[in-house]
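Chemist: In our numbering, the protein residues as written are 28 to 198.
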Amino acid sequence: MPGVIAALQYATAVTFLVIGLAAYRYGAAGQRAAETAVTRQGFPVEILSRHRVRIEESLAELMLPLGISVVLATLATLNLTAPYIGRIATWIIHPILLIAGGFITAGQVFTVRFVEAEFRKSQDPDARAVDVRDVINAASAVFPVWLRPMIVTRFVLVTLGSALILLLTAG
């Protein structure tokens, strides 16, 4: 079982690494595309920042997915080379990843729904009138076509993969 557990952990680590790098590389262009879409709809660019919609990722923000990637790769290596330590570390890391990571990655899988819901609840009438799908689609069009399937894959690995890892570790 350590081989299966490590494979899932390495795969999850790769998704965090690749998605983090893609977000950093293409995020500024995605931000500009979202801002263009908002202004095309007749709203000020600031409406996005006022409602915490940000596509661009800073170098500091890139450190989180890279850090998670390193932790998961280290954990996978431990599960292969020092299974007892790897098992204990897995029991510490994967419940956190399952809950916190599942929530965060769900927001990235269901971005349009989450942002639409936030804008609908807003007291700002302009926010309620924004075509969120158009804004997110404009931003998404800037990113590589493989990014969306990778985001979904990461969500599955973080949630179902972590649950499976915990089940396999328990056995």
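Positions of the beta carbon are idealized from the N, C-alpha and C atoms, including for glycine.
Keep in mind that this is a model prediction, so the values were computed, not measured.
In angstroms, rounded to a whole number, what distance separates the CA positions of A190 and T101?
Modeler: Position 163 of the sequence shown, counted from the start, is the residue given in the question as residue 190. Position 74 of the sequence shown, counted from the start, is the residue given in the question as residue 101. In a straight line, the C-alpha of A190 is about 19 angstroms away from that of T101.
Chemist: Just mark R199 as buried or exposed, buried being the case when its beta carbon has 16 or more other beta carbons within 10 Å.
Modeler: Since the displayed the chain opens at 28 and closes at 198, residue 199 lies outside it and no answer follows.
Chemist: Is DSSP giving M28 helix, strand or coil here?
Modeler: The sequence position of residue 28 within the sequence shown is 1, counting from 1. In the structure shown, M28 sits in coil (DSSP, three-state: anything other than H, G, I, E or B).
Chemist: Less than 9 angstroms separating the beta-carbons of I46 and L174?
Modeler: In the sequence shown, counting from the first residue as 1, residue 46 sits at position 19. In the sequence shown, counting from the first residue as 1, residue 174 sits at position 147. Contact: yes.
Chemist: Less than 9 angstroms between the beta carbons of V142 and V162, yes or no?
Modeler: As a working note, residue 142 is residue 115 in the sequence shown. As a working note, residue 162 is residue 135 in the sequence shown. In this structure, V162 lies closer than 9 angstroms to V142 by Cβ.
Chemist: Check whether the Cβ atoms of V157 and I74 sit closer than 9 angstroms, and answer yes or no.
Modeler: Here residue 157 refers to the residue found at position 130 when the sequence shown is read from its first residue. Here residue 74 refers to the residue found at position 47 when the sequence shown is read from its first residue. Yes; because the gap between Cβ atoms is below 9 angstroms, this pair is in contact.
Chemist: From L57 to V41, what does the alpha carbon distance come to, in whole angstroms?
Modeler: Your numbering for residue 57 matches position 30 in the sequence shown. Your numbering for residue 41 matches position 14 in the sequence shown. Note on identity: in this sequence residue 57 is Gly, with Leu being the wrong assignment. Taking the straight line from one Cα to the other gives about 22 angstroms.
Chemist: Let me know if R79 comes out buried or exposed under the rule of 16 or more other beta-carbons within 10 Å of its beta-carbon.
Modeler: For the purposes of this step, residue 79 is taken as the residue at position 52 of the sequence shown. Classification for R79: exposed.
Chemist: When you compare each of T104, R52, L107 and A60 to E84 by their alpha carbons, which one comes out closest?
Modeler: Position 57 of the sequence shown, counted from the start, is the residue given in the question as residue 84. Minimum Cα distance to E84 is reached at R52.
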